[in-house]
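This report concerns only the one structure given below.
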Amino acid sequence: MANLSFTLNGRPQTLDVDAAMPLLWVLRDVLGLTGTKFSCGIAQCGACTVLLDGKPMRSCVVAVSSAAGKHVTTIEGLSTDGSHPVQRAWVAEQVPQCGYCQSGQILSAVALLAEKKAPTEADIDAAMSGNFCRCGTYSRIRKAIHRAAKETAP
Amino acid sequence: MNGLLNVSRRKFLQATVVGGTGLVLGVSFRSAEAAAPQRFEPNAFLAIDGSGRVTIWVAKSEMGQGVRTALPMVVADELEADWAMVHVEQALAEPKYGRMGTGGSSSVRNSYLPLRKAGAAAREMMVSAAAARWGVEASGCRAESGVVLHAPTGRRLAYGELVAEAAKLPVPADPKLKDPGQFRYIGTPMPRVDIPAKVNGSAVYGIDVRVPNMLVATVVRCPVVGGKLSKLDDSAARAVPGVRRVVPMESGVAVVAESTWPALRGRQALVVSWDEGPHAGLGQDSIWQQLETAVQKPAAVARATGNVTRALAAGRTLEATYQAPLLAHLTMEPQNCVADVQPDGCEVWAPTQVPDRARAVVAKLLGINPERVVVHTTFLGGGFGRRLETDAVVEAVQLSRAVAAPVKVLWTLDDDFAHDFYRPPSVHRLFGALDAAGQPLAWLHRLSVPSRSPERLKNGIDEGALTGALQVPYGFPNLAVEFAASATPVQLGAWRSVAHSYNAFAVESFIDELAHFAGKDPLAFRRSLLAASPRHLRVLDLVADKAGWGRPVPKGRGRGLAVHESFASVVAEVVDVVAEGTGFRVERVVCAVDCGTVVNPNTVEAQVEGGVTFGLSAALREAITIDQGRTVQTSLSEYAPLRMREAPVVEVHVVKTNEPPGGIGEPGVPPLAPAVANAVFAATGKRLRKLPLQPPSRGTG
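Chains as they are written, first to last, in the working numbering: chain S, 747 to 900; chain H, 337 to 1037.
Here you go:
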């Protein structure tokens, strides 16, 4: 067990947990933030994606100790009322079906849009192909990313 | 979290009290005995309180297909409710809801009339209550958006003001339903009610349920079907901090821990050896061999018209064999369930497609009355037929009982791959004949597919395994469908579109081959045989128009077509492929859909888009193979489903009709694989008869 500090969704967080525990289980089981999902457990599906200092990471394979001193953003940290531009675009395009992968999809899209204000199709393919969706919402995800890009354009 | 349990305990008591009264839709009524007058609850599906808030209970499982929106739309429409006042709740498993199983694309189809009646009955009661209060004829009043109006006097009363009086009225058994022209919500694209919670992380799936004192369990299972535990050394597992118990059970060995991480670590630390049982030598080659052998000789005749044998002997014949593999469901939410076995009953939270069956299974397992079992249906992180099974529910109940605490059993994705109820493998041998003039003369489809269970066979025929093959719509004067029964120890189940998924591949590929054999255009050839199937013709014409069928296609490209009826809907798809190197890429899929009356157009389009993508993933690459009795593919990298970069453009066009609703969750899937294979033939001249069309690597299959 170790005392670890990081910033979670804008708030300081200090925990006494097994330093090797994946960030995913700290978020879900210790902190009760269940918006981040467990699926493959080996960084192949992207359902557990969170932002670590703004970069998308698979929280199922990142030990919580790697988050020490960093900023962690989960789906709950974007906004609880759905007002983040990417969340709004997801609602406008009615993207989710079962919804299980969508927290990860949204955070990957947020990271993409932070880097590229107007991503091309190829940018979207490259940034989003690590996020698997079994329901097949890919075309709506693509539309929602373009919509969010347009709405946040200066 | 105390709140959740308190609420559910309250419901538990309620359910225990009222569960035995046998309330059924449309004829019940709790309202007569209701002590609280500030609530109107004329049937199992809706209630209105004094503030005018309408609660609608959804008795089907939401797995992304939009039932939590579509079903309340149907109720609210006939009720003339104001959608802004509608609050949707998931129903507990109770007999008053009838069959709750969510499968076979049946939710809207089967609930449409009962839910309309439930809404219409409540509307009539509101109107009667207002008319009585005003002392006027009910016929002079009407309901509109949560208000009853009396036009001659301009008087109005909101539903909330009428609940006490309405609750005392008899429930009309045969309320007058609206004309489709009067629909307020049905047919209008409505935003899904579950989406806001699915973009902010607050949607609760089975895996997210937490109750006080809950433990988390993972289970290691014998990788070989039919195998059993032979030796267990759990000392290292029990030494993992946080691990509470190691429990050998029927399905494997469970590690029960304080939370998920120690449960997973403890599982890794188990030293287990298995008695692999009689199927340890099972391999994919023998599975195929069995099916291929079975189609070599005539089999049980499931349908026959004319004399196929004679016609085949007389005509110019074509023969082809098709093959479709075992497939995994691959729901992204691994199987899981929370169970809390108590001395007087059991409470279960499950992402299940069959809450009613789960309730019965739990009651039987514990030897208690089903009324003592409360089943909460959470959101489902994918279903596709996998969650028609109750294996995870059984494990959770067994473990909760064993450790005398609430337990969440959680599978991993590799557990899901290795212990799925797979789409069965199939081999299809088809024979066709044309007469001297090139006119179609005979069709024979001989199918071999292992049955999901021996009870499904009646006189050597498994009708469920034949759906989509038996109903071949093409008007051949001589036509036969034969079934060659077989069995396998591999666990089989229902996979999105079930038998249609493989039968459409064989039927729609072979009709295409016959068209080319006859020297005809594949669309024209199909049309000429579909005079008795106007719905097929209509979607074919629509898809041909939208996809530009018949317009020249550049070299290196190809356009393929398929049409298939399933779950009371007909879907035609045109696929455009581009040849690339030795392979091909799917560029665009145009779909035309006749699913009868559309409740939520938004959901219909989304389901077809999703079905096409799901179908394409399977058509191109998915296959489960068995080696040494084990599932070979146990990860996404090995199974290699479709990703964003390969997702084609999908266009969906829906036929406008007032016919009764058909299904929509599955019908987009079956035409996709044959349309791709037909397009590849058009592009390259190469006929692909084995699925998947682009296997990820040379496996043992």
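Cβ coordinates follow ideal geometry from the N, Cα and C atoms, glycine included. Computed from a predicted model, the values in this text were never measured in an experiment.
The alpha helix (DSSP H) enclosing residue i, as first and last residue numbers
i               : result
S447 of chain H : 443-470
K567 of chain H : Careful: K567 of chain H lies outside any alpha helix (DSSP H), inside the beta strand (DSSP E) at 564-569.
F861 of chain H : 858-864
W597 of chain H : 596-605
Endpoints, the beta strand (DSSP E) within which residue i is located
i               : result
I797 of chain H : It is not in any beta strand (DSSP E) - I797 of chain H carries neither H nor E in the DSSP assignment.
V535 of chain H : Unbroken run through V535 of chain H is the alpha helix (DSSP H), 531-535; no beta strand (DSSP E).
E683 of chain H : 681-686
D930 of chain H : 919-930
M585 of chain H : 579-585
D827 of chain S : Here D827 of chain S belongs to no beta strand (DSSP E), and DSSP marks it neither H nor E.
T554 of chain H : 551-556
Test: residue i CB closer than 8 Å to a CB of chain S
i                : result
I543 of chain H  : yes
D530 of chain H  : yes
L749 of chain H  : yes
F715 of chain H  : yes
P527 of chain H  : yes
V579 of chain H  : no
N732 of chain H  : Position check: residue 732 of chain H holds Ala in this sequence, whereas Asn was assumed. For A732 of chain H, the answer is no, since every Cβ of chain S falls outside 8 Å of its Cβ.
S837 of chain H  : no
A880 of chain H  : no
G400 of chain H  : yes
G1021 of chain H : no
N549 of chain H  : no
V535 of chain H  : yes
S443 of chain H  : no
Collapsed DSSP secondary structure at residue i in the structure displayed
i                : result
E995 of chain H  : coil
E480 of chain H  : strand
T667 of chain H  : coil
V424 of chain H  : strand
D771 of chain H  : coil
V403 of chain H  : helix
V589 of chain H  : strand
H615 of chain H  : helix
K700 of chain H  : helix
V810 of chain S  : helix
N814 of chain H  : strand
Y846 of chain S  : coil
P408 of chain H  : helix
L770 of chain S  : helix
L1024 of chain H : coil
Any C-beta of chain H under 8 Å from that of residue i
i               : result
I891 of chain S : no
V807 of chain S : no
E897 of chain S : no
V833 of chain S : The displayed chain sequence assigns Gln, not Val, to residue 833 of chain S. So yes, Q833 of chain S belongs to the interface.
P842 of chain S : yes
R917 of chain S : This structure cannot settle anything about residue 917 of chain S, because the visible part of chain S is limited to 747 through 900.
A813 of chain S : no
Q848 of chain S : yes
V837 of chain S : yes
G756 of chain S : no
T819 of chain S : no
T753 of chain S : no
Identified DSSP bridge partners for residue i
i               : result
H892 of chain S : None; H892 of chain S has no bridge partner.
P758 of chain S : S:T753
H712 of chain H : H:W685
D676 of chain H : H:E683
R880 of chain S : Answer is none; R880 of chain S lacks a bridge partner.
Q625 of chain H : In DSSP, Q625 of chain H forms no bridge with anything.
S845 of chain H : Its beta-bridge partners do not exist; DSSP assigns none.
Requested in this report: For the stretch 943-956 of chain H, enumerate the residues whose C-beta is nearer than 9 Å to any C-beta of chain S, in chain order.
Outcome: Q943, E945, G946, G947, V948, T949, F950, G951, L952, S953
**Report entry** the stretch 654-671 of chain H: positions lying closer than 8 Å to chain S by Cβ
**Finding:** L666, T667, M668, E669, P670
Query raised in the report: In the stretch 593-611 of chain H, which residues sit with their C-beta less than 7 Å from some C-beta in chain S, listed in chain order?
Result: Result list: S595, T596, W597.
Query - Under 9 Å (Cβ pairs) to chain S, residues found in the stretch 971-996 of chain H - result: S971, L972, S973, P977, L978, R979, M980, R981, E982, A983, P984, V985, V986
Requested in this report: Identify each residue in the stretch 855-871 of chain S for which the Cβ-Cβ distance to at least one residue of chain H is less than 8 Å, and report them in chain order.
Outcome: I870, D871
**Report entry** Contact residues within the stretch 763-791 of chain S, judged by C-beta distance below 8 Å to chain H
**Finding:** D764, M767, P768, W771, R774, D775, V776, G778, L779, T780, G781, T782, K783, F784, S785, C786, G787, I788, Q790, C791
Query - Interfacial residues, the stretch 793-805 of chain S to chain H, with Cβ spacing under 8 Å - result: A793
Query - Residues of the stretch 697-729 of chain H with Cβ closer than 9 Å to any Cβ of chain S, in chain order - result: For the stretch 697-729 of chain H, the set of positions with a beta-carbon nearer than 9 Å to some beta-carbon of chain S reads F715, L716, G717, G718, G719, F720 in chain order.
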